[in-house]
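Working notes, beginning with the structure itself.
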Amino acid sequence: MSDSNSGTLYVVATPIGNLEDLSPRAARVLGDVALVAAEDTRHTARLLRHLGLTVPMLSLHEHNEAARIDQLDERLAGGDSIALVSDAGTPLISDPGFVLVRELRARGRHIVPVPGPCALVAALSGAGLPTDRFLFHGFLPARTTARSRRLEALARREETLVFYESPHRIRETLADIGGVLGARRLVLARELTKAFETFLDGSAEALLARMEADPDQARGEFVIMVAGAEPQQVPEPDDVEAEALLGALLAEGIGVRQAAAVAARLLGGAKKVWYSRAQAVKETR
């Protein structure tokens, strides 16, 4: 239970480019809190100046997050409310903050998200790739060997794959995606909500050719979205083969549930389907 006299930690989403995307609620919260915990205070100072606000700030980034927990908890315990912001977008989404939020929640502090801009969601909404299921992986490893290994581990995933990438590694990352995942469809979102926002669509090879022809397309911050793998087709086992296997298993005294599990492992398919078939075979014996 949280202390009713303690303050609130607001997790505030801020613009990823266009300042008009800041919600009225977020602006109000930033003006009401006693302290803003910011990934980069210089960056956040520009936003606060734009809003005409003068609010004390404290840096909170990946290198000092754990060390700030007690200090911020003490402020909350004393009744001060705090806004947690990252440089852009929604805190904790490939940004610092989860260590702080996890620990303060464990201590019973009141945590309130103030939703808003998020590069991941903005990119997916404009990409035209399936979004009923997607796998967000943040930034891939910086080194080619580790990056290729990670892509190989994801190669059979059927969800849309989403990554963040910097301009320093975008070409190398696209080359590795092409080398591991082949000619799958990619959508590359660049400089979202900013003046030069661009969506590029095509294979990794085609996108690299676009960047070679127009080097400006390799500038800015990127969201890479990759079509998921095609669903694996599991061949239906021959009815005679299936019944022979199930009959042999049941004849050895194996139960229906276990027989279904063995058949699914050997021949593929859903266990519940095999259970029905095994039950039918048992009833005809």
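Numbering-wise, the sequence shown is residues 13 to 297 according to our numbering.
Every residue gets a Cβ at the ideal spot worked out from N, C-alpha and C, and that includes glycine.
None of these values were measured; they are calculated from a predicted model.
If I'm right that residue i touches residue j with Cβ under 8 Å, what's the distance once you round it to whole angstroms?
i           : j           : result
residue 287 : residue 272 : 4 Å
residue 85  : residue 37  : Not confirmed; about 25 Å, so no contact.
residue 25  : residue 129 : 5 Å
residue 186 : residue 219 : 6 Å
residue 159 : residue 188 : 5 Å
residue 167 : residue 241 : 6 Å
Compare the C-alpha of residue i against each of the options and name the closest.
i           : options            : result
residue 21  : 39, 34, 29, 46     : 46
residue 232 : 244, 210, 43       : 210
residue 169 : 188, 243, 216      : 243
residue 294 : 266, 284, 280, 278 : 266
residue 75  : 63, 83, 59, 51     : 51
residue 149 : 123, 132, 64       : 132
residue 280 : 82, 269, 254, 292  : 254
residue 95  : 89, 124, 165       : 124
residue 49  : 39, 40, 99, 17     : 99
residue 174 : 164, 152, 283      : 152
residue 19  : 167, 241, 122      : 122
residue 114 : 23, 167, 71        : 23
residue 59  : 79, 97, 72         : 97
residue 93  : 71, 127, 72, 41    : 41
residue 64  : 39, 195, 278       : 39
Quick one: Cα of residue i to Cα of residue j, how far?
i           : j           : result
residue 68  : residue 103 : 19 Å
residue 296 : residue 145 : 42 Å
residue 184 : residue 155 : 9 Å
residue 214 : residue 44  : 46 Å
residue 91  : residue 137 : 39 Å
residue 203 : residue 29  : 8 Å
residue 225 : residue 285 : 53 Å
residue 116 : residue 81  : 8 Å
residue 207 : residue 228 : 13 Å
residue 247 : residue 292 : Confidence at residue 247 is low in this model, with a pLDDT of 48, below 50, so the placement of that residue should be treated as unreliable; the coordinate-derived value is given next. Cα to Cα, the separation comes out at about 21 Å.
residue 290 : residue 251 : 12 Å
residue 165 : residue 216 : 18 Å
residue 177 : residue 88  : 35 Å
residue 55  : residue 283 : 54 Å
residue 111 : residue 105 : 12 Å
residue 257 : residue 269 : 14 Å
residue 66  : residue 101 : 21 Å
residue 157 : residue 83  : 40 Å
residue 196 : residue 205 : 26 Å
residue 161 : residue 17  : 50 Å
residue 73  : residue 278 : 50 Å
residue 7   : residue 71  : Since the first residue shown for the chain is 13 and the last is 297, residue 7 is missing from the structure and cannot be characterised.
What residues in its chain sit with their C-beta under 7 Å from that of residue i, if we drop five residues either side in the sequence?
i           : result
residue 261 : 271, 274
residue 141 : 172, 199, 237, 239
residue 62  : 31
residue 181 : 154
residue 143 : 136, 172
residue 230 : 179, 182, 183, 223
residue 368 : No answer is possible for residue 368: it lies beyond the span of the chain, which begins at 13 and ends at 297.
Tell me which same chain residues have a C-beta within less than 6 Å of the C-beta of residue i, skipping the five on either side of it?
i           : result
residue 191 : none
residue 201 : 135, 211, 235
residue 27  : 33, 34, 129
residue 276 : 283, 286
Counting only the same chain and skipping the five closest in sequence on each side, list residues whose C-beta sits under 8 Å from that of residue i.
i           : result
residue 77  : 108, 109, 111, 112
residue 163 : 152, 188, 189, 192, 193
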